[in-house]
Every structure is written in C-alpha cells, then in structure tokens.
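Each remark here refers to the structure printed beneath this line.
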Amino acid sequence: MGSIFKKDIVLDEEAFQTAGNEFKTLSADMESLKAEVDEMLQLIKIGFDTPAGAKFIQSCQTTLIKPLEDQRLVITHISDTLTDAKKQYASVFQEYEQLNQSINKE
-18 MGSIFKKDIV LDEEAFQTAG NEFKTLSADM ESLKAEVDEM LQLIKIGFDT
32 PAGAKFIQSC QTTLIKPLED QRLVITHISD TLTDAKKQYA SVFQEYEQLN
82 QSINKE
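Numbering (this note's numbering), first residue to last: -18 to 87.
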C-alpha cells in the first residue's frame, strides 16, 4: 500500500555553518562601514564648526551611525543564533544522517 504523503525532509548542517559564517562576515563589514562613515563625519566636523554644522553632524550621527550599529547588532545576533543552533542540533543532524543512510540501504 502506497503512502498518500511523500515529502523529503532535508536538514543541511553545512547550510547552518555557511549562513552563520556569512552573517559573521557581514557583521564585520557593517562595523567597517560604520567606522568609515564615522571617520568621514569627523573630517567634515572640522569644517562645520558652527551651530548649524553641529546640528548637521548630530543629525548624521542619528540617521547614519545609529542605524548602521543597530543593523550590525541584528546581523551579529542572527550569526550567533545560527552558530548556537548548529551546536544545539548537532545530534539531530547526526541522527538524521544515520537515518537517511539506513533508509537508503533498504
């Protein structure tokens, strides 16, 4: 008697590792971008030594630097979560692989 439902279940441990590594790299890239923007603002600040210039620099800090840092924090959290999930589910990945091997032998 055939099964009504047929779906393949795929657990890809390497995908967890790859995604975690890519998010970690992206987080470092975001940190570098934030540092570059901050450095540019410091250079601009020298020539904007007026009350209006100070407001402009403050506005840039709020609208550029803060969102970059917030985004980096989220990306870092995703990377850490993927890395932790891979560790937490290591036994599941291993048992899944063993199950697949035993099914494919039959």
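C-beta: ideal position from N, C-alpha, C; glycine also.
Just so we're clear, the structure is a prediction, and the values are computed from it rather than from any experiment.
With DSSP run on the structure shown, which of helix, strand or coil describes residue i?
i       : result
LEU45   : helix
TYR77   : helix
ILE59   : helix
THR109  : Because residue 109 is not part of the residues shown, which for the chain are -18 to 87, the question remains open.
ASP(-7) : coil
ASP30   : coil
Hey, how far is the Cα of residue i from the Cα of residue j?
i        : j       : result
LYS47    : ASN81   : 47 Å
THR64    : CYS41   : 34 Å
MET(-18) : ASN85   : Unreliable positioning characterises MET(-18) in this predicted model, as indicated by a pLDDT of 46, which lies under 50. The coordinate reading is nonetheless provided below. So the two alpha carbons sit approximately 19 Å from each other.
ASP19    : LEU7    : 18 Å
LEU14    : LEU49   : 8 Å
ALA0     : ASP30   : 44 Å
ASP(-7)  : ASN2    : 15 Å
GLY28    : GLN39   : 14 Å
GLU119   : GLN23   : As displayed, the chain neither begins before -18 nor continues past 87, which places residue 119 out of reach and without an answer.
ASP61    : GLU17   : 25 Å
GLN69    : VAL(-9) : 17 Å
Cα-Cα, which of the options is closest to residue i?
i       : options                 : result
PHE(-3) : LYS26, GLN79 and ILE59  : ILE59
VAL55   : LEU(-8), GLY34 and LYS5 : LYS5
THR57   : ALA9, MET21 and GLN69   : ALA9
Exercise for review: Please determine if the segment 22 to 38 and the segment 69 to 79 are in contact, where contact requires at least 3 C-beta pairs separated by less than 8 Å.
Suggested key: no
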